[in-house]
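Q: Pasting a structure below so you can have a look.
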Amino acid sequence: MLTSNLIRVSTGMIFRQVTGQLCGRSSWLHTMLEVDGTRGVKKRSAEPPLGGSDFKKYVDVYRHLLLLNEKNNLATTLKNIQELLSFTEKVFSSHAVAEVFLYFCLQGSATAWVIQNELNIPEATIYRALKRLRSMGIVLPALKASKVKHSKGGPRPTVWALEGSTTEEVARALRLHYQMLSPKFLVAEKAAQTILDEYITKRNVDEISYREIIIQVKELRIPFRTPDIADLAATYLNEKGIKVWR
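Quick note on the working numbering: the sequence shown kicks off at -14 and runs consecutively.
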């Protein structure tokens, strides 16, 4: 139901529902909002006039909102939709902010580095968009990511998330962040999954010592420093609910 709580800008839930149920990553919503890989905004003169099937797409969105709001009377529904339109105007007045917002609606959580690579947007633009979304209460810092070895100085990267995002979404964003930083993480993830399948599951246990992880990684003959892979593998196993004793 589209209540005042759901309409709050800090949740983004209505957009997530519409994005998930009516569209998807490559659907008409991205075309409608002109969010694509090139980030180019088409000239208005080049666009065909609205009408017919174009209007039907927008009508479908409102019909969906009404279905979500069916337990309310029409006056309450109208008020909620007006609040939603006001919120939409604030977000979509900036193309970059709109892109970043839609990415969060689809993924739930992300780091600036992930968004920069996924959307091909300059770093400075990403941070301005995140600052704007945070000031509106749409995204919040979920956790600080550990810095990889040999990285430059500066603060630890922040994993940002919509309010109400799941722990799985935050964990997925963190994994993607590490994957995009170093190929070691992908190797470590595969090593951890092998340990999970061949060691932990077969023994029917839910814990492992860090020393045992070191032994298992060495046996896999991975072409990276064993401690580096073991550290990342331990993090992966922790996320899977496995207790790692150090």
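Glycine included, every Cβ here is placed at the ideal spot set by N, Cα and C.
Could you round the C-beta distance between A130 and T151 to whole angstroms and report it? I think they count as a contact, below 8 Å.
A: Incorrect: roughly 18 Å between the Cβ atoms, too far for contact.
Q: Let me check understanding here. Comparing Cα to Cα, which of A173, G149, E148 lies closest to L160?
A: One detail in the question is off: residue 160 reads as Arg in this sequence, not Leu. R160 has its Cα closest to that of A173, out of A173, G149, E148.
Q: Distance, Cα to Cα, H162 vs W98?
A: One C-alpha to the other measures close to 7 Å.
Q: Could you compute how far the alpha carbon of I100 sits from the alpha carbon of L147?
A: I100 and L147: Cα-Cα distance of roughly 14 Å.
Q: Helix or strand or just coil, what does DSSP make of K225?
A: Three-state result, K225: coil.
Q: Spatial neighbours of R10 within its chain, please: C-beta separation below 7 Å, excluding the five flanking residues on both sides.
A: In this prediction, R10 has a pLDDT of 39, which is less than 50 and means its spatial position is unreliable; nothing more can be read from the coordinates.
Q: Would you grab the beta carbon distance between A219 and A176 for me? Rounded to a whole angstrom, and I think it's under 8 Å.
A: Incorrect: roughly 10 Å between the Cβ atoms, too far for contact.
Q: Counting C-beta neighbours from all protein chains within 10 Å, is the total for R141 16 or more, i.e. buried, or is it exposed?
A: By the neighbour-count rule (16 or more Cβ atoms within 10 Å), R141 is not buried but exposed.
Q: To the nearest angstrom, how far is the alpha carbon of S194 from that of I200?
A: Whole-angstrom Cα-Cα distance: 10 Å.
Q: At the level of alpha carbons, what is the spacing between L70 and L53?
A: Rounded to the nearest angstrom, the two C-alpha atoms are 16 Å apart.
Q: Near Y221, what residues of its chain come up, given a Cβ to Cβ distance below 8 Å and the 5 sequence neighbours on each side ignored?
A: Correct list, in chain order: R160, A173, E174, A177, Q178.
Q: Just how far apart, CA to CA, sit E84 and L104?
A: Spanning the two alpha carbons is a distance of roughly 8 Å.
Q: Can you have a look at K203 and say buried or exposed, based on whether 16 or more other CB atoms are within 10 angstroms of its CB?
A: Exposed.
Q: With burial defined as no fewer than 16 other Cβ atoms inside 10 Å of the residue's Cβ, what is the status of N223: buried or exposed?
A: N223 should be labelled exposed.
Q: Distance, Cα to Cα, D39 vs V46?
A: Computed Cα separation, rounded: 12 Å.
Q: Please classify G93: is it buried, with 16 or more other beta-carbons within 10 angstroms of its beta-carbon, or exposed?
A: It is buried - the Cβ of G93 has at least 16 other Cβ atoms within 10 Å.
Q: Per DSSP, which one or two residues make a beta bridge with A146?
A: Beta-bridge pairing links A146 to S94, L125.
Q: Which same chain residues, not among the five before or five after V155, have their C-beta less than 8 Å away from its C-beta?
A: Hits under 8 Å: G93, S94, A127, L128, V144, A146.
Q: Quick one: grab the DSSP three-state call for I193.
A: Residue state, collapsed to three classes: strand.
Q: Taking its Cβ as the centre, do 16 or more other Cβ atoms sit within 10 Å of Y88, making it buried, or is it exposed?
A: Y88 should be labelled buried.
Q: For L118, I'd like the list of residues in its chain whose CB is within less than 7 Å of its CB, leaving aside the five on either flank, ordered along the chain.
A: Cβ within range, chain order: V82, V85, F86, V124.
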